[in-house]
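Student: Residue numbers (the working numbering), protein chains in the order written: chain A, 1 to 262; chain B, 263 to 514.
Note that beta-carbon positions come from the ideal geometry of N, C-alpha and C, so glycine has one too.
Because the structure is a prediction, the values reported are computed rather than measured.
Take this structure first; my questions come after.
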Amino acid sequence: MTDSAIRLDDITHRHTPGAEPALDGISLRVDPGETIALLGPSGAGKTTLMALIDGRLRNWSGAARVLDEPLSSLRAPSGAARAEIGFIFQEFALIDRATVRQNVLNGRLGRTNAFSAFFGRFSAADTYAADRAMADAGISTLADRRADSLSGGQRQRVAIARCLAQEPRVILADEPVSNLDPARAADILTLITDAARQRGATVIFSSHQPDLARRFAARIIGLRDGRILFDRPAGQVTDDDTDKLYRDAPAPQGDGALRLVV
Amino acid sequence: MRTSDRTSLAAGIIIAAAVLWAGITSDMSAERLASSGGRIADFLGRMMPPDPSVMPEIWKGTAETLRIAVLGTLGAVILSVPFGLMASARLSPGWLSRPARFILALIRAIPLILVAMLMVGAVGLGPLPGVIAIAFHATGMLAKFYAEAIDGVAPAPIEAMESAGAGPMLRLRYAIWPQMAPVIARDTIFRFELNLRESLILGIVGAGGIGFYIQTYVRSFQYDKAASVTIAVALMVVIIEGVNALLRRRLS
């Protein structure tokens with residue numbers, strides 16, 4: 001089958017050899033344009049699974065294809081392949097001293113001519129994609145502000161706009177609303193899912209809030225201890241399903257599943 | 263007696279012994295100490311009024327001090343790039359970064375005036391030994407700062423750009439450089455300020471600059487001229503500090 005956006009077969013990964021698996025035999029198919037929530041307690045493997053799809057995870061077993069490109073357990077995908085997958089980082093990962101516009105244009109670096117971009121020149125297509133992304137994220141008026149002068153909520157919108165400017169076919173959002181009050185959480189998820197729908201992109205977001213997952217995703221995948229507990233249309237996910245995810249779950253210890261390493 | 267009490271007692275005995283030893287052995291009789299107040303007052307009186315006729319020498323000395331500081335800082339920057347890269351814990355393996363850091367600490371431990379005296383011995387009088395001494399001495403601090411600037415770059419934005427498909431050159435240009443450049447600029451300006459201040463005295467050991475005139479006038483008892491030069495030096499330091507404070511604020 002070649003028309004899946006994502007196809008994973010029996011993926012297993014351990015952060016360190018001999019440790020409990022962080023991903024334990026995950027198999028999964030995602031069609032283009034789907035909106036999926038990954039639900040589960042901290043340490044369930046949500047971030048690790050998304051890092052795998054983003055091409056950042058090494059040392060796993062199984063078979064994985066993303067947008068018809070096979071992923072390698074040994075090395076990162078090509079820049080062109082990575083540009084097709086957008087990732088909204090939980091900590092935003094902005095350049096503090098750069099302007100909002102430059103931070104959003106940074107999302108174009110995998111798409112644009114590298115030589116021109118090195119000398120600070122971006123194409124009309126880049127500028128258009130960045131302007132549209134900033135407008136969708138509601139930050140057009142902040143374009144010339146430095147990122148470190150923004151509030152936390154505004155910074156998150158910059159991170160989302162950077163991802164949208166990338167024009168990815170798959171958008172991965174790691175805990176986009178974990179620290180937000182319910183009204184803001186709904187705003188952010190509306191922004192991400194609407195923008196993705198307009199662009200025909202597949203969305204996977206992780207969360208540990210079942211009500212938000214039901215409201216914004218068409219399909220919910222419940223993860224616990226690196227295994228898929230259930231995978232159903234959002235309307236068929238029962239309270240019993242979500243209870244199983246969290247029952248006797250250890251207390252959250254920060255979503256430390258994947259540490260940034262250089 | 264508790265351990266902390268014993269420590270305090272031992273510290274008190276050591277300090278008292280040090281003061282006693284220095285006072286008894288340093289040939290400072292009570293009469294000499296008492297009369298020195300009058301002598302200092304007399305000395306200061308002979309400095310007044312400062313002699314303004316030395317303005318040409320002041321300009322010449324100031325220009326030379328500035329030249330030594332600029333060229334010395336340039337030399338330090340050129341040396342600090344490779345040493346900074348070597349001393350970076352992130353870029354270099356431990357077998358390289360640890361010895362590099364140790365060497366930089368050793369360089370920092372040698373006072374500038376000592377380096378300048380050695381360089382005067384090696385290459386002769388004039389501004390050249392001053393430039394070499396400044397470049398050598400300042401590298402000890404600047405290369406350490408550069409290494410810290412490299413190690414202080416946040417990895418998350420680099421990873422985010424890699425995830426968006428940016429190649430290594432673009433990551434360097436848009437993720438690493440914007441984080442590093444302001445830190446490096448600020449450190450270099452700070453080191454330039456220190457170099458200028460420290461090079462004011464280099465002339466005393468014959469390594470060029472305005473310090474030469476202070477030494478000349480004091481040795482030849484022309485205290486009014488020495489006073490003019492001293493005022494010029496103080497003014498220069500105040501101006502440098504003001505300019506640098508402005509620059510640093512813009513880079514924060």
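Whole-angstrom Cβ separation of residue 47/A and residue 193/A, contact assumed at under 8 Å?
Tutor: Working through the first sequence from its first residue, we reach residue 47/A at position 47. Working through the first sequence from its first residue, we reach residue 193/A at position 193. Actually they do not touch by this definition, with Cβ atoms about 20 Å apart.
Student: List the residues of chain B whose Cβ lies closer than 9 Å to the Cβ of residue 131/A, in chain order.
Tutor: If you number the first sequence from 1, residue 131/A lands on position 131. None at all; the shortest Cβ gap to chain B is about 18 Å.
Student: What do you get for residue 427/B, buried or exposed, if any count of 16 or more other CB atoms within 10 angstroms of its CB means buried?
Tutor: Position 165 of the second sequence, counted from the start, is the residue given in the question as residue 427/B. So residue 427/B counts as buried.
Student: Quick check: residue 346/B and residue 409/B, are their CB atoms within less than 7 Å of each other?
Tutor: What you label residue 346/B is simply residue 84 of the second sequence in a count that begins at 1. What you label residue 409/B is simply residue 147 of the second sequence in a count that begins at 1. Cβ distance < 7 Å, so residue 346/B and residue 409/B count as in contact.
Student: Compare the C-beta of residue 442/B with all C-beta atoms of chain A and state if any pair is closer than 7 Å.
Tutor: Here residue 442/B corresponds to residue number 180 of the second sequence, with the count starting at 1. No, no contact with chain A.
Student: Quick one: complete alpha helix (DSSP H) runs, 4+ long, within the region 332 to 381 of chain B?
Tutor: The qualifying runs are 356 to 371.
Student: Listed in chain order, which residues of the region 70 to 98 of chain A have Cβ atoms closer than 9 Å to some Cβ of chain B?
Tutor: Answer in chain order: 76, 77, 78, 79, 80, 81, 82, 83, 84, 85, 86, 87, 89, 91, 92, 93, 94, 95, 96, 97 and 98.
Student: Using 8 Å for Cβ pairs, my map puts residue 95/A next to residue 441/B. What's the rounded Cβ distance?
Tutor: Working through the first sequence from its first residue, we reach residue 95/A at position 95. Working through the second sequence from its first residue, we reach residue 441/B at position 179. Residue 95/A to residue 441/B, Cβ: 7 Å. Contact.
Student: According to the neighbour-count rule (16 or more other Cβ atoms, all chains shown, within 10 Å of its Cβ), is residue 50/A buried or exposed?
Tutor: Within the first sequence, numbered from 1, the residue matching residue 50/A stands at position 50. With 16 or more Cβ atoms within 10 Å of its Cβ, residue 50/A is classed as buried.
Student: Let's test the definition: count the other Cβ atoms within 10 Å of the Cβ of residue 109/A and tell me whether it reaches 16, buried, or not, exposed.
Tutor: Locating residue 109/A in the first sequence gives position 109, counting from the first residue. Buried: at least 16 other Cβ atoms inside 10 Å.
Student: Can you find a C-beta in chain B that's less than 7 Å from the C-beta of residue 110/A?
Tutor: Your numbering for residue 110/A matches position 110 in the first sequence. With 7 Å as the cut-off, residue 110/A counts as an interface residue toward chain B.
Student: For residue 9/A, decide whether its Cβ has a neighbour in chain B, counting only Cβ atoms nearer than 7 Å.
Tutor: If you number the first sequence from 1, residue 9/A lands on position 9. Output row for residue 9/A: interface = no.
Student: Check the Cβ of residue 56/A against every Cβ in chain B and list those closer than 7 Å, keeping chain order.
Tutor: Locating residue 56/A in the first sequence gives position 56, where the first residue counts as 1. Within 7 Å Cβ-Cβ: 425.
Student: State the DSSP-derived secondary structure class of residue 77/A, mapped to helix, strand or coil.
Tutor: Along the first sequence, one-based indexing puts residue 77/A at 77. Coil at residue 77/A, not helix or strand.
Student: Helix, strand or coil for residue 254/A, going by three-state DSSP, please let me know.
Tutor: As a working mapping, residue 254/A is identified with position 254 in the first sequence. Residue confidence for residue 254/A is low, a pLDDT of 47 falling below 50, so the modelled location carries little weight; the figure read from the coordinates is stated next. Coil, per DSSP.
Student: Mind checking which residues open and close the alpha helix (DSSP H) that includes residue 418/B?
Tutor: Stepping through the second sequence from its first residue, residue 418/B is reached at position 156. Element bounds for residue 418/B: 417 to 425.
Student: Report buried or exposed for residue 376/B, applying the criterion of at least 16 other Cβ atoms within 10 angstroms of its Cβ.
Tutor: Counted from its first residue, the second sequence places residue 376/B at position 114. Label assigned to residue 376/B: exposed.
Student: Would a check of beta-carbon distances place residue 435/B closer than 7 Å to chain A?
Tutor: Locating residue 435/B in the second sequence gives position 173, counting from the first residue. Answer yes: the Cβ-Cβ gap between residue 435/B and chain A drops below 7 Å somewhere.
Student: Since residue 431/B meets chain A, which of its residues come closer than 8 Å, beta carbon to beta carbon?
Tutor: Residue mapping note: residue 431/B aligns to position 169 of the second sequence, counting from 1. Near residue 431/B (Cβ distances below 8 Å), the residues of chain A are 114 and 118.
Student: What does the alpha-carbon distance come out to for the pair residue 369/B and residue 209/A?
Tutor: Counting from 1 along the second sequence, the entry for residue 369/B is found at position 107. Counting from 1 along the first sequence, the entry for residue 209/A is found at position 209. So the two alpha carbons sit approximately 57 Å from each other.
Student: Does the region 309 to 323 of chain B come within contact of the region 485 to 501 of chain B, defined as at least 3 CB pairs closer than 8 Å?
Tutor: The region 309 to 323 of chain B, when compared against the region 485 to 501 of chain B, does touch it at the 8 Å Cβ threshold.
Student: Does chain B have any CB closer than 7 Å to the CB of residue 255/A?
Tutor: Here residue 255/A refers to the residue found at position 255 when the first sequence is read from its first residue. Note that residue 255/A scores a pLDDT of 46, beneath 50, so its modelled location is shaky and nothing firm can be said.
Student: CB residue 461/B to CB residue 269/B, shorter than 7 Å?
Tutor: Locating residue 461/B in the second sequence gives position 199, counting from the first residue. Locating residue 269/B in the second sequence gives position 7, counting from the first residue. Contact flag unset, no.
Student: Answer yes or no: does any C-beta atom of chain B fall closer than 7 Å to that of residue 59/A?
Tutor: Indexing the first sequence from 1 puts residue 59/A at position 59. No, because no Cβ of chain B sits closer than 7 Å to the Cβ of residue 59/A.
Student: Just confirm the distance between the C-beta atoms of residue 224/A and residue 40/A, as a whole number of angstroms; I'd bet it's less than 8 Å.
Tutor: The residue you call residue 224/A lines up with position 224 of the first sequence. The residue you call residue 40/A lines up with position 40 of the first sequence. 5 Å between Cβ atoms; contact.
Student: Under the rule that 16 or more other beta-carbon atoms within 10 Å means buried, what is residue 337/B, buried or exposed?
Tutor: Numbered from 1 along the second sequence, position 75 holds the residue referred to as residue 337/B. Residue 337/B should be labelled buried.
Student: For residue 154/A, go through chain B and note every residue whose CB falls closer than 8 Å to its CB, in chain order.
Tutor: Numbered from 1 along the first sequence, position 154 holds the residue referred to as residue 154/A. Within 8 Å Cβ-Cβ: nothing; residue 154/A doesn't reach chain B, min ~17 Å.
Student: When you compare the region 454 to 474 of chain B with the region 385 to 397 of chain B, are there three or more beta-carbon pairs, one atom per stretch, that lie closer than 8 Å?
Tutor: Touching, per the Cβ criterion.
Student: Can you name the residues of chain B whose CB is closer than 7 Å to the CB of residue 179/A?
Tutor: Taking the first sequence and counting its residues from 1, the one referred to as residue 179/A is at position 179. By Cβ distance, chain B contributes nothing, its closest Cβ being about 16 Å from residue 179/A, past 7 Å.
Student: Considering only residues of the same chain and omitting the five flanking positions on each side of residue 374/B, which have a CB-CB separation below 8 Å?
Tutor: Sequence index remark: in the second sequence, residue 374/B carries index 112 (1-based). Answer for residue 374/B: 395, 396, 399, 460 and 464, listed in chain order.
Student: On the DSSP letters alone, give me the boundaries of the beta strand (DSSP E) that residue 233/A sits inside.
Tutor: As a position in the first sequence, residue 233/A is number 233, starting the count at 1. Here the beta strand (DSSP E) through residue 233/A covers 227 to 233.
Student: Is there a Cβ of chain B sitting closer than 7 Å to that of residue 166/A, yes or no?
Tutor: Along the first sequence, one-based indexing puts residue 166/A at 166. By this cut-off, residue 166/A is an interface position.
Student: Can you tell me whether residue 9/A is helix, strand or coil according to DSSP?
Tutor: Position 9 of the first sequence, counting from 1, holds the residue named residue 9/A. Three-state result, residue 9/A: strand.
Student: With distances taken between CB atoms, is the gap from residue 165/A to residue 129/A smaller than 7 Å?
Tutor: Here residue 165/A refers to the residue found at position 165 when the first sequence is read from its first residue. Here residue 129/A refers to the residue found at position 129 when the first sequence is read from its first residue. The answer is yes: Cβ separation under 7 Å.
Student: Tell whether a beta-carbon distance below 7 Å holds between residue 131/A and residue 195/A.
Tutor: To locate residue 131/A, count along the first sequence from 1; it is residue 131. To locate residue 195/A, count along the first sequence from 1; it is residue 195. No, Cβ-Cβ distance for residue 131/A and residue 195/A is not below 7 Å.
Student: Compare the C-beta of residue 247/A with all C-beta atoms of chain B and state if any pair is closer than 7 Å.
Tutor: Stepping through the first sequence from its first residue, residue 247/A is reached at position 247. No, residue 247/A does not count as interfacial toward chain B.
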